[in-house]
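Enquirer: With our numbering applied, the sequence shown covers 64 to 546.
All C-beta atoms in this analysis are idealised placements derived from N, C-alpha and C, irrespective of residue type, glycine included.
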Amino acid sequence: MSELQQSYRHLPKHFYSDVLPEPAIDSRLIDLNPDIIETLNLTWDEKTLHEMTAGKLTSKQPQPIAQKYTGHQFGYYNPDLGDGRGMLLGDIQTDTGRYDLHLKGAGQTPYSRRGDGRAVLRSSVREYLIGEALHYLDVPSSRCLSLCHSPEPVRRERFEDRATYIRVAKTHIRFGHFEWLAELGSRQDFYKLADFVIESVYPQLQSLPAGDKYVELLKTIVANTAKLIAKWQAVGFCHGVMNSDNMSVAGETFDFGPFAFLDDFQIHYICNHSDTEGRYAYSQQPNIGLWNCQVLAQAFLTIIDQKHIQPILDTYVTTYNQTYLNHMGAKFGLDQIQETQREFIGNSLILMDQSQIDFHQFFHKLSRLNPSNPESFYQFVGHSKAWRNWCAEYLEHAQENPHADSLKQSNLIRTQTAKFVLRNGILQRIIEQCEKGDYELLKQTREWLKTPFEPAGELVEHFPEFLQPPAGNEKAIALSCSS
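1) How long is the line joining the alpha carbons of residue 442 and residue 528, rounded to whole angstroms?
2) So, do the stretch 127–141 and the stretch 65–73 have three or more beta carbon pairs nearer to each other than 8 Å?
3) With residue 391 as the anchor, note down where its alpha helix (DSSP H) starts and where it stops.
4) Alpha carbon to alpha carbon, what distance is there between residue 355 and residue 275?
5) Taking only three categories from DSSP, how would you classify residue 278?
6) So, at 6 Å on beta carbons, what are the nonlocal neighbours of residue 64 in its own chain, with the 5 sequence-adjacent residues on each side left out?
7) Please check the pair residue 172 and residue 80, which I expect to be a contact at CB under 8 Å, by giving their CB distance rounded to whole angstroms.
8) Taking 8 Å as the cut-off, does the stretch 271–290 touch the stretch 391–405 (at least 3 CB pairs, one atom from each stretch)?
9) Assign residue 285 to one of three DSSP states: helix, strand, or coil.
10) For the ligand ZN, is there a heavy atom less than 7 Å away from the beta-carbon of residue 173?
11) Check whether the Cβ of residue 327 lies closer than 8 Å to any Cβ atom in chain C.
12) Decide if residue 239 is buried, meaning its Cβ has at least 16 other Cβ atoms within 10 Å, or exposed.
13) Quick check: the Cα distance between residue 366 and residue 251, rounded to an integer number of angstroms?
14) Could you tell me whether the Cβ atoms of residue 552 and residue 88 are closer together than 8 Å?
15) Whose C-beta lies closer than 6 Å to the C-beta of residue 555 among residues of the same chain, with five residues either side of it excluded?
16) Three-state secondary structure (DSSP) at residue 64?
17) Please check the pair residue 77 and residue 358, which I expect to be a contact at CB under 8 Å, by giving their CB distance rounded to whole angstroms.
18) I'd like the list of long-range same chain contacts for residue 387, defined as Cβ closer than 8 Å, with 5 residues on each side in sequence excluded.
19) Give a yes or no on whether the C-beta atoms belonging to residue 55 and residue 155 are separated by under 8 Å.
20) Pairs of beta-carbons, one from the stretch 241–261 and one from the stretch 193–205, closer than 8 Å: are there three or more?
21) Pull up the distance between the alpha-carbon of residue 431 and that of residue 225, whole angstroms please.
22) Which full runs of the alpha helix (DSSP H) of 4+ residues lie inside the stretch 459–490, going along the chain?
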């Protein structure tokens, strides 16, 4: 059995505050994630997991802590950040690495900034399921171990039921942790945190000479961030709040708020209605990822030389471009992307945007394109001259592939395009069931998300609407930060 420990306490005391959760009243354990139980090699019984998730901790467990950090929110530095709605329960060492367990919605901490520190059922269900969705799309993400529902009222835009859940991630250290230490000007503390990240997240860097180790740490974080965001773009995922304090140094999707998968393709789609300037629009995510890496690199000047910064940031650009083109090329059935096809992919997205075509359905239709009779494809995209020209150009590019074969190309597209996408309309339906005390659809969906490319028979038979584009009133739903 894996044992829970509190490794973060090895760092200086001012890095965190001791806290205790506010237990959820009359809570129900509404789901446990068997995959996470297996990953962590847990042998805790259901009663123990229920009590932990509800915030009822025993004296045998490490005391939780709330981490201190800062960060840039919507481009502006905020020095008053920290774990305001969650508590680090501890970490577990497994054969595949170390994992943090973090209790979300646990109540107020010294960093709650006048907030209640609680979570509502709506946002908790969303985070519980999106981690599974991304994981099985091969997008690095934090995930959840367990979820509790309490009838306690919590005020957001309206009064809603309270929820608590345990989030599992490789680390809960954010870009904002390093920003905070750079702001303090504490070089020794910066080294300590960097060493902790290397030990817990990137142990392969431990054997490097001191002069190289921290440069490689920053370079690895930047490269992993670039890969992550390239994968977001390829699966049509919008994070919604890419503040630097929401960026994990492990390169995992982290701190979900008003996220969304694309419906009709909109290059500049904004899923967060608080984002009035469109800073975190779908089209801006790659640039914001670089911007956040620039902020992190600026902080790392505390311990590395200026001469390393630009080459590392260049790594972001080259890594992002290569990862994105590989994934998007495969999505178009082009297994070895050619230089001439880069512009074609960009122009394709512009035409999809102009035509308001469903992002996911487009690729399903493309996988069925019959080169000798493309009429059914035109019925989907439209019979315009632009699409007829596009189709002719696409077939030319397809033939340029070294192993051009329409069947292979169709299969390649299918392996890159999910048939079951966790759209916001589906999530809303699940949330409404949970609010009524019916959790079956939540549990079924968690299982269905394991096979997004080949949906389970039960999903196909009983919920075929989940595999179709949403109705007009469910498209491009904008959400608030309380989501």
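Expert: Answer, in terms of the structure:
1) 21 Å
2) yes
3) 372–394
4) 22 Å
5) helix
6) Low per-residue confidence applies at residue 64: pLDDT is 45, beneath 50, and the placement is therefore not dependable, though the value from the model is reported in the following sentence. Excluding sequence neighbours, residue 64 sits near 106.
7) Contact holds; Cβ gap of about 7 Å.
8) no
9) helix
10) You won't find the ligand ZN in this model; it holds no ligand whatsoever.
11) This model lacks chain C altogether, as it is built from one protein chain only.
12) buried
13) 9 Å
14) Since the first and last residues shown for the chain are 64 and 546, residue 552 lies out of range.
15) The chain is shown from 64 up to 546; residue 555 falls before or after that span and cannot be answered.
16) At residue 64, the pLDDT of 45 sits below 50, so the modelled position is not reliable; the number obtained from the coordinates is stated separately. Coil.
17) Not confirmed; about 22 Å, so no contact.
18) Only 293, 296, 297 and 349 meet the Cβ criterion.
19) For the chain, the structure presents residues 64 to 546; residue 55 sits outside this window and is missing.
20) Counting Cβ pairs under 8 Å, fewer than three are found: no touch.
21) 46 Å
22) 469–479, all fully within the stretch 459–490.
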